[in-house]
Every structure is written in C-alpha cells, then in structure tokens.
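Trainee:
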Amino acid sequence: MQSSVINKTISGWWTQGDTEPERGNHAVRSAILRVTRSVNLLNLDGQLAIGRGGTVTIGKKIPPQPEVFPLYAYAPPMPPENLGDPKFKKTYHLRYAYIAGAMANGITSVEMVENAGRAGMVGFFGAAGLALNEIEAAIDRLQETLKGIPFGFNLINSPNDPELEAAVVQLYLRRGITLVSSSAYLDLTLPLVYYRVKGIHRDKNGIVVCPNKVIAKVSRVEVARKYFSPPPEKLLAKLVERKMISREEADLAKSIPMAEDLTAEADSGGHTDNRPAITLLPTMIALRDELTEKYKYNRPPCVGLGGGIATPDSAAAAFAMGAAYILTGSINQSCVEAGTSQTVRQMLAEAGQADVTMAPAADMFEMGVKVQVLKRGTMFPLRAAKLYDLYCNYNRFENIPEKQKAVLERDFFRRSFQDEWEQTKNYFAIHDPKQIERARKDPKHKMSLVFRSYLGQSSNWANSGDPLRKIDYQIWCGPAIGAFNQWVKGSFLEKPENRTTVCVAMNLLCGASVATRVNWLRNQGVVLPAGIGNFSPMPLQDILELLDESAE
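Each number in this note's numbering corresponds to the 1-based position in the sequence shown with 891 added.
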C-alpha cells in the first residue's frame, strides 16, 4: 500500500532546493524517523513524496514558478528533548522530561540514578526498606559522583514506624537532599510537611523560595487534593510549637503547594490503586488547575504520568494527554543497573501483561493494603494472600488449625513458628523495640509481625537471587513489563543483559517523538500505510547518531 491522500486540501507549497523530491514509503518512513528535521509531504501524481531542504510556504496561494510542489502535510522537528513541559525541565535542570522512578530496597540503585542523571534525566534512589546507614551510604556516593547533576531520594509513608520516617527526613535535611519522591501516602504526615517547609524564605527580590522539593506519586484524587493545597495549618502549628520551624516559615508555607510536582500513578508495580491512566491523568490536571486558581500559586505544580509507560506509543499518549513528564519503574527493574538479581531480571523479561496480580503489602499488612507483583514463576501472591486470610480469621497463631500450621512451618517459614518469632524479634530489637513489647501483650500482633517478616524477606530473597527461595520471590511490577517485552521481542532488548536504563529511556522518548509526528500527519488528512510509523528498538549509539543530525 502506497501513501495516499483522500479529499485532502493543500496546506501550502514546497519550493525545491538542491534535492529533488523522494517518492515512496521508504522515503516517508525515513523522514518521519529523522525527528530533528521537518517532514514535508508532497503530492506527486497522486503519490506522496518527501521534500528535503527547500522552502515551505504555508497557505494556498503562491506565485507560479518552477519546481514548486503542493504541500499536503507538514510535521515540524520533534526531538525527544522537546517532549513534556519546559517548566518541569527548567526546574530540575533536565534535558528530558523523564524520571527513573524509585523502587524500594535499592532496586533503583545508585548506578541507575547516576546513569539517568548523566543522560539528562533524573533518577530517585529506592530508599524505602533500607536502614539509615544504607541510605546515607547512597547519599555519600551520589553526592560525590553527581556533583551539579540532579538526583533524588524516595520518602515512603511508614504508618507502622513513624519514627523511621522522621529519622529519614532528618537525614535528608542534614545531608542536603533537596529533592524527594513521596509515595504510599494516604494523608500528609508531620515529617513530610517538615521536610517540605524547612528552610523556606524570601530572596532579596521578595520571592518565596522553597529549597526542598517534593514530587508526589499519587493514585487517588482525594490525596492529590492535599498535595495540590498548601501544607495543613494544623501540622504547621505543631511544627512551630515544637520549635522545628519558625513562625515566618509557617506563614510562607501557606503560599506554596505541598508538592512541587505530582505524578499521577496509574496501574504501576508495588503500591497502586490500578487506576487507568486515560482517566486518571486528565482528572489530576483538572484538579491542579482548580487549586492553582484557588490559591494563586506563582508556579503551578506540574503533573506527570507513571504506571504503564512501557512503549513509544504509551509514552506519546502520556505527553499528548498533557503529561509534563513520564515516570518509569517496572521496565527499569529488568535493566542491568537494577539492584536485584539476574534471576529476577530474567523472570521479568519473560513476563506478559497478564502475569501480575495484587498481594498483601508488608509495610501496611494489617490495613489490608496490597501491592502489585509478578505472579509468573512464584507462589508469593498466593502465600501472602493466605497469610492475610489467617490474620483476619484468627487472634493468635495457636488458634490456627494444626494442619494449616504445619504447612506454614514447613513451606512458608521453613522452621517452627517459635524459631521464626525469635528471628523476627531480633530484627525488631534493632529497628523498633516497641513492637516486641506490644507483641508480648497482644498475640495477634505477634502473629502479624511473623507474617510480615515473611513478606518482607520475600523481596530480599528476590533481590539477592536466593535459589532456595525462588518460589517465594516477591517482585514488584505492573503490566507495563509485559507490554515492554512484547514490543522488544525479537530485538536486542529482548535479552535483559542488553537492557540499560538510558538505552530503554531513549528508545521510549525517541519512539514517542516518531509516534507524535505520525499522528500530526494523520490529523492533517494523510492516510499512511500500516506500520510506516512503527518504531523498533535501536541501540543507544544509533539513536544518538540519529539525533545528532543538524535540524533544518
């Protein structure tokens, strides 16, 4: 099928330069792929052709002259750095509107954050689930290796351990970490507000400056409303009362939104509400506009999209819907820099879109909160669900039927309940001794801690690649990984050992530029052959060479 035009009016005229028009699908495809150059689609005897160089005149009238051809459609250059909101890129000194999102337990590793930063993107170290000394070690390295290059750290809601959340905030403030990604918050907490407003001041021109920036990951509109609003006065008053901030800082905080920017988190891995992106993002943008008008912010928060971003078309769709930036997670976990095991990378590389499910979360187990995980090749989702069911139906481990207790001790814990409790107790003796005292008084809480221990260890077994515990691996991911695997099938990116964070990111961004230009042409009434705008994975060097072409 050749490119054609149906009932298409002339958009303008193309005057030939040194190069004659090129006919055929190959010429059209080649022009669309060169995203740093314009696409000039011409009509030559009913067949579309490409005009390279020359001069374009928009409009239907032009004085007759030789070597002038009707222009039927035009697509301007769209290099990947043009995607997204310029304000977002300027705020964080980025070339690309792209975030390598935080994945807990250091899965978003220092290497991943370093590579993203050096490529003109920004990565957030996956601090959740790590001890303070491990987080500080990551700070030491990134502050040493990324001097002048943006990077951030994760701050996760810890309802079962608010002291840890407060300690992480104190660490970030002490070490000068001025950019965090907040996640899993159902409500704003004192430590989160403290981080956001500490150090707020007016510069010499009287402009309010807030040094600490929060990019929130949010699935629910009611939570987003809190982030788009100023910090709650009740929490500000408490911070002033405790002499953690000054009265002036509290007053200035009333003029800023709680979040500098916000990621609408759709059907993602880990903590998620499985929201469809096509409905979530427009709702979040409309809410942002509503509250910006209400509070008269000098800088309205940018709204990006995460969850399900896995192919050039999904990235292009996000930007087309108004996303200021895109955030990826699941697909990065299969990259070589991810802080996980080669076994997990291979399992992820073989997953399909339907190979994920929801399972109880270790950090919010008693609340019934779930996380999205891989179900292919592991029994973790079934076993985690069984533990939660037992927790809901029994008040102490001793009340569980003997047959079921035997299964737990043989297959889940691989030791007696008492031995598992001793190990769990040793952990909490270091991290949160109050839990031990509570467990002595409350057998149900004791049972919960042991069950949570299994859930918590399951992700560590996956990250370390423990071969004896493969059946229990907890691997956070969303359906994006299946879509990505389908897209890269048959290419060099099919093998996880060839997947790097920057190569994956640049393929998505460059492919999104191509998809955007294809849609521009279609929207001008041009009928393109099926597949002519498909973008197949390319080695990073080939992409960089393609983008280095000088724009016309």
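Cβ atoms here follow ideal geometry from the backbone N, Cα and C, with glycine treated the same way.
Taking three-plus beta-carbon pairs below 8 Å as touching, is the segment 1027 to 1040 in contact with the segment 1388 to 1403?
Mentor: No, the segment 1027 to 1040 does not touch the segment 1388 to 1403.
Trainee: At the level of alpha carbons, what is the spacing between SER1074 and LEU924?
Mentor: If you number the sequence shown from 1, residue 1074 lands on position 183. If you number the sequence shown from 1, residue 924 lands on position 33. Distance between the alpha carbons of SER1074 and LEU924: 37 Å.
Trainee: Per DSSP, what kind of secondary structure is LEU1437 in: helix, strand or coil?
Mentor: Looking up residue 1437 in the sequence shown gives position 546. It is helical.
Trainee: Starting from ASP1363, trace the alpha helix (DSSP H) in both directions and tell me its first and last residue.
Mentor: Taking the first residue of the sequence shown as position 1, residue 1363 is located at position 472. Unbroken run through ASP1363: none, as it is neither H nor E.
Trainee: Using a Cβ-Cβ cut-off of 6 Å (strictly less than) and excluding sequence neighbours within five positions of PHE1375, which residues of its own chain qualify?
Mentor: The residue given as residue 1375 occupies position 484 in the sequence shown. Correct list, in chain order: ALA1201, ILE1222.
Trainee: If we count the other Cβ atoms within 10 Å of its Cβ and call it buried at 16 or more, is ILE1217 buried or exposed?
Mentor: Locating residue 1217 in the sequence shown gives position 326, where the first residue counts as 1. It is buried - the Cβ of ILE1217 has at least 16 other Cβ atoms within 10 Å.
Trainee: Just how far apart, CA to CA, sit PRO1173 and PRO1428?
Mentor: The sequence position of residue 1173 within the sequence shown is 282, counting from 1. The sequence position of residue 1428 within the sequence shown is 537, counting from 1. Rounded to whole angstroms, PRO1173 to PRO1428 spans 29 Å at the Cα level.
Trainee: If we count the other Cβ atoms within 10 Å of its Cβ and call it buried at 16 or more, is ASN1006 buried or exposed?
Mentor: Taking the first residue of the sequence shown as position 1, residue 1006 is located at position 115. ASN1006 comes out buried.
Trainee: Less than 8 Å between the C-beta atoms of ALA1396 and THR1231, yes or no?
Mentor: Taking the sequence shown and counting its residues from 1, the one referred to as residue 1396 is at position 505. Taking the sequence shown and counting its residues from 1, the one referred to as residue 1231 is at position 340. Cβ atoms of ALA1396 and THR1231: not closer than 8 Å.
Trainee: With a floor of 3 residues, list each beta strand (DSSP E) that falls wholly inside the segment 1000 to 1070, ordered by position along the chain.
Mentor: Whole beta strand (DSSP E) segments, 3+ residues: 1013 to 1016, 1043 to 1047.
Trainee: Return the Cβ separation of ASN934 and PRO1420 in integer angstroms, given the expectation that the two are a contact with Cβ distance under 8 Å.
Mentor: Translated into the one-based positions of the sequence shown, residue 934 becomes position 43. Translated into the one-based positions of the sequence shown, residue 1420 becomes position 529. Wrong, their Cβ atoms sit about 16 Å apart, outside the cutoff.
Trainee: Within 10 angstroms of its Cβ, does ILE897 collect 16 or more other Cβ (buried), or is it exposed?
Mentor: Indexing the sequence shown from 1 puts residue 897 at position 6. Residue placement at ILE897 is flagged as unreliable, the pLDDT there being 45, under the threshold of 50; the coordinate-derived value follows with that caveat. ILE897 comes out exposed.
Trainee: Are at least three pairs of beta-carbons, each pair with one atom in the segment 1130 to 1146 and one in the segment 1109 to 1122, less than 8 Å apart?
Mentor: They touch, by the three-pair rule.
Trainee: Let me know if SER1110 comes out buried or exposed under the rule of 16 or more other beta-carbons within 10 Å of its beta-carbon.
Mentor: The residue given as residue 1110 occupies position 219 in the sequence shown. It is buried - the Cβ of SER1110 has at least 16 other Cβ atoms within 10 Å.
Trainee: I need the DSSP call for ASN898, collapsed to helix, strand or coil.
Mentor: For this step, residue 898 is matched to residue 7 along the sequence shown. Confidence is the limiting factor: at ASN898 the pLDDT is only 48, short of 50, which leaves the residue's position unreliable and the question unanswerable from this model.
Trainee: Do you know offhand how far ALA993's Cα is from SER1350's?
Mentor: Residue numbering aside, residue 993 sits at position 102 when the sequence shown is read from its first letter. Residue numbering aside, residue 1350 sits at position 459 when the sequence shown is read from its first letter. Each residue's alpha carbon lies about 15 Å from the other.
Trainee: Determine the extent of the beta strand (DSSP E) in which PHE960 is found, giving its start and end residues.
Mentor: As a position in the sequence shown, residue 960 is number 69, starting the count at 1. Counting along the chain, the beta strand (DSSP E) containing PHE960 begins and ends at 959 to 966.
Trainee: Excluding five sequence neighbours on each side, which residues of the same chain lie with their C-beta closer than 6 Å to the C-beta of PRO1102?
Mentor: For the purposes of this step, residue 1102 is identified with residue 211 of the sequence shown, where counting begins at 1. So the list reads THR1069, GLY1090, once near-sequence residues are dropped.
Trainee: Do LEU939 and GLY903 have their C-beta atoms within less than 8 Å of each other?
Mentor: By one-based count along the sequence shown, residue 939 stands at place 48. By one-based count along the sequence shown, residue 903 stands at place 12. No, Cβ-Cβ distance for LEU939 and GLY903 is not below 8 Å.
Trainee: Only counting the same chain, and skipping five residues up and downstream in sequence, which positions put a Cβ closer than 7 Å to that of PHE1304?
Mentor: To locate residue 1304, count along the sequence shown from 1; it is residue 413. Cβ within range, chain order: GLU1311, TYR1345.
Trainee: Between TYR1282 and LYS1296, what straight-line distance do the alpha-carbon atoms span, to the nearest angstrom?
Mentor: Your numbering for residue 1282 matches position 391 in the sequence shown. Your numbering for residue 1296 matches position 405 in the sequence shown. Rounded to whole angstroms, TYR1282 to LYS1296 spans 12 Å at the Cα level.
Trainee: Please report the Cβ distance between ALA1214 and GLY1195, rounded to the nearest whole angstrom; I am assuming they are in contact, meaning their Cβ atoms lie under 8 Å.
Mentor: The count along the sequence shown starts at 1 and reaches residue 1214 at position 323. The count along the sequence shown starts at 1 and reaches residue 1195 at position 304. About 5 Å separates the two Cβ atoms, so the contact holds.
Trainee: Among the residues of its own chain, which have a CB less than 8 Å from the CB of MET1012, if the five just before and after it don't count?
Mentor: As a working note, residue 1012 is residue 121 in the sequence shown. So the qualifying residues of the chain are LEU985, ARG986, TYR987, TYR989, ILE990, ALA991, VAL1393, ALA1396.
Trainee: Quick test of your reading: LEU1383 and PRO1430, contact by CB under 8 Å. State the CB separation rounded to the nearest angstrom.
Mentor: One-based indexing of the sequence shown puts residue 1383 at position 492. One-based indexing of the sequence shown puts residue 1430 at position 539. For the record, residue 1383 in the displayed sequence is Phe; it is not Leu. With 8 Å as the limit, PHE1383 and PRO1430 qualify as a contact, their Cβ atoms being about 7 Å apart.
Trainee: Please go through the same chain and pick out, in chain order, the residues whose beta-carbon is closer than 6 Å to the beta-carbon of ALA995, but skip the five residues on each side of it.
Mentor: Counting from 1 along the sequence shown, the entry for residue 995 is found at position 104. Here the set comprises GLY1017, ALA1019, GLY1020.
Trainee: Based on the DSSP output, what are the partners of GLN938 in its beta bridges?
Mentor: In the sequence shown, residue 938 corresponds to position 47, counting from 1. For GLN938, which the question treats as bridged, DSSP gives the partners LEU935.
Trainee: DSSP beta-bridge partners for TYR989?
Mentor: The count along the sequence shown starts at 1 and reaches residue 989 at position 98. TYR989 is bridged to ILE1217.
Trainee: Under 7 Å Cβ to Cβ from ALA1275, same chain only, skipping five residues before and after it: list those, please.
Mentor: Position 384 of the sequence shown holds residue 1275. Hits under 7 Å: ALA1250, PRO1251, LEU1346.
Trainee: Please list the terminal residues of the continuous beta strand (DSSP E) segment that includes CYS1193.
Mentor: Here residue 1193 corresponds to residue number 302 of the sequence shown, with the count starting at 1. Taken as a continuous stretch (DSSP letters only), the beta strand (DSSP E) holding CYS1193 covers 1193 to 1197.
Trainee: Using alpha carbons as the reference points, say which of ARG1331, THR1183, GLN1244 lies closest to LYS1266.
Mentor: Residue mapping note: residue 1266 aligns to position 375 of the sequence shown, counting from 1. For the residues ARG1331, THR1183, GLN1244, the minimum Cα distance to LYS1266 belongs to GLN1244.
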